[in-house]
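J.: One structure follows; several queries about it will come next.
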Amino acid sequence: MSAHEQFAEDLALHALGTLQGDERARLEAHLDSCAACRQELADLRGDMALLAMSTAGPKPPQRSRQRLLNAIAKEPRVPATASGRASRFNWWAALGWTAAVAMLIVVVQLRRENYFLRESVTNLGALTSQQTLELANAQRVVDTLTAPEAQTVTLAASKNPQPQGKAFYLKNRSGLVFVANNLPALPADKIYELWLIPPTGAPIAAGLFKPDAKGNATIVNPPGLPPGVEAKTFAVTLEPASGPHDAPRGTGVMQGGA
Numbered sequence: 447m448s449a450h451e452q453f454a455e456d457l458a459l460h461a462l463g464t465l466q467g468d469e470r471a472r473l474e475a476h477l478d479s480c481a482a483c484r485q486e487l488a489d490l491r492g493d494m495a496l497l498a499m500s501t502a503g504p505k506p507p508q509r510s511r512q513r514l515l516n517a518i519a520k521e522p523r524v525p526a527t528a529s530g531r532a533s534r535f536n537w538w539a540a541l542g543w544t545a546a547v548a549m550l551i552v553v554v555q556l557r558r559e560n561y562f563l564r565e566s567v568t569n570l571g572a573l574t575s576q577q578t579l580e581l582a583n584a585q586r587v588v589d590t591l592t593a594p595e596a597q598t599v600t601l602a603a604s605k606n607p608q609p610q611g612k613a614f615y616l617k618n619r620s621g622l623v624f625v626a627n628n629l630p631a632l633p634a635d636k637i638y639e640l641w642l643i644p645p646t647g648a649p650i651a652a653g654l655f656k657p658d659a660k661g662n663a664t665i666v667n668p669p670g671l672p673p674g675v676e677a678k679t680f681a682v683t684l685e686p687a688s689g690p691h692d693a694p695r696g697t698g699v700m701q702g703g704a
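Start counting the sequence shown at 447; every next residue gets the next number (our numbering).
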């Protein structure tokens, strides 16, 4: 149990002004060093004040009602006096204490429900953002494969079995979909790399990949591809797995012109 959980009920009683004795002294000593509990106490007092000004409130749950009855049952009994007036006074005081505790239970319940509601809204916002990003990426793939202005480049090698690849490239959106088959299995220290080779200038890295057990591989919208670059050729090289991959260092596997 954390310190905050340990003092949670004492905070509620302190907000009501009913916490006394050693429990009050321990709580006040804890409040001196705990900003979170001080804030919680201030929030409880503020919520109680707001609820007290309300003409109606939600019905406390059955579990909270039972806790209230148990708390009342544990209260010390005041000896009866001969004065009916005093008895009536004690009865109304007890009723006022009961109403205050009931009000506090409602406040705590409302604060808990408000917390979970805020968490749900936050999670929903994150999920919506992720789905929006995935939808935009999927749309870019569709546009790359179907746009009339997209370039389609077939890559091939002279060796048998002949590795083959096809690149679909939409330069104005940096969209690139590359599929390959018949690729030889890789040594442990090697990796394949796809390159976009413009009419002028150095080759541009377009993604690292490893084939599956059947020699198939796919690259979809690799990050960092600059927009609007004209593609003269696409090529695949066999590169060292470690080290920089911003310029070709290995041997050519296949290539094709746009």
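We put the beta carbon where it would ideally sit given N, CA and C, even for glycine.
Mark residue 609 as exposed unless 16 or more other C-beta atoms lie within 10 angstroms of its C-beta, in which case mark it buried.
T.: Buried.
J.: Do residue 600 and residue 670 come within 8 angstroms of each other at the CB atom, strictly closer than that value?
T.: No, they are not a contact pair.
J.: Span of the alpha helix (DSSP H) holding residue 469?
T.: Start and end: 467-479.
J.: Have a look at residue 529 and residue 475 and give me their C-alpha separation to the nearest angstrom.
T.: Residue placement at residue 529 is poorly supported in this model, since its pLDDT is 43, which falls under 50; the coordinates still yield a value, given next. Using only the alpha carbons, I get a separation of about 41 angstroms.
J.: Report yes or no: do the region 677-696 and the region 631-642 share at least 3 C-beta pairs separated by less than 8 angstroms?
T.: Yes, the region 677-696 is in contact with the region 631-642.
J.: Does residue 579 pass the burial test, meaning 16 or more other C-beta atoms within 10 Å, or should it be called exposed?
T.: Classification for residue 579: exposed.
J.: Contact check, residue 706 vs residue 665 under 8 angstroms by CB: the rounded distance?
T.: Residue 706 is absent from the model: the chain starts at 447 and stops at 704.
J.: Residue 667 and residue 621 look like a contact to me (Cβ under 8 angstroms); what is the Cβ gap, rounded to whole Å?
T.: Contact holds; Cβ gap of about 6 angstroms.
J.: Can you give me the C-alpha to C-alpha distance between residue 627 and residue 688, rounded to a whole angstrom?
T.: Between residue 627 and residue 688, the C-alpha separation is close to 24 angstroms.
J.: Would you identify the three-state DSSP class for residue 587, choosing helix, strand or coil?
T.: The answer is helix: DSSP assigns residue 587 an H, G or I state.
J.: Taking just the CA atoms, how far does residue 635 sit from residue 477?
T.: Looking at the two C-alpha atoms, the distance is approximately 60 angstroms.
J.: Once the 5 residues before and after residue 602 are set aside, which same chain residues still bring their CB inside 7 angstroms of it?
T.: So the list reads 608, 610, 700 and 702, once near-sequence residues are dropped.
J.: Quick check: what's the CA-CA separation for residue 632 versus residue 562?
T.: If I take the Cα positions, the gap works out to 50 angstroms.
J.: Going by the CB atoms, is the gap between residue 648 and residue 597 shorter than 8 angstroms?
T.: Contact flag unset, no.
J.: Compute the Euclidean distance between the alpha carbons of residue 663 and residue 614, then round it to the nearest angstrom.
T.: Rounded to whole angstroms, residue 663 to residue 614 spans 14 angstroms at the Cα level.
J.: Using a Cβ-Cβ cut-off of 6 angstroms (strictly less than) and excluding sequence neighbours within five positions of residue 646, which residues of its own chain qualify?
T.: None.
J.: Measuring only the C-alpha atoms, how far is residue 486 from residue 572?
T.: Those two C-alpha atoms are separated by around 27 angstroms.
J.: Any idea what DSSP makes of residue 599, helix, strand or coil?
T.: Strand at residue 599.
J.: Candidates 625, 637 and 589: which alpha carbon is nearest residue 617's?
T.: The shortest Cα separation from residue 617 among 625, 637 and 589 belongs to 589.
J.: Do you know how far the Cα of residue 489 is from the Cα of residue 456?
T.: Cα to Cα, residue 456 sits roughly 14 angstroms from residue 489.
J.: Would you mind reading off the limits of the beta strand (DSSP E) that contains residue 656?
T.: First-last for residue 656: undefined, no H or E at that position.
J.: For residue 583, which of 556, 595, 650 and 619 has the nearest alpha-carbon?
T.: The option with the nearest alpha carbon to residue 583 is 619.
J.: When burial is assigned at 16 or more other CB atoms within 10 Å of the CB, is residue 651 buried or exposed?
T.: So residue 651 counts as buried.
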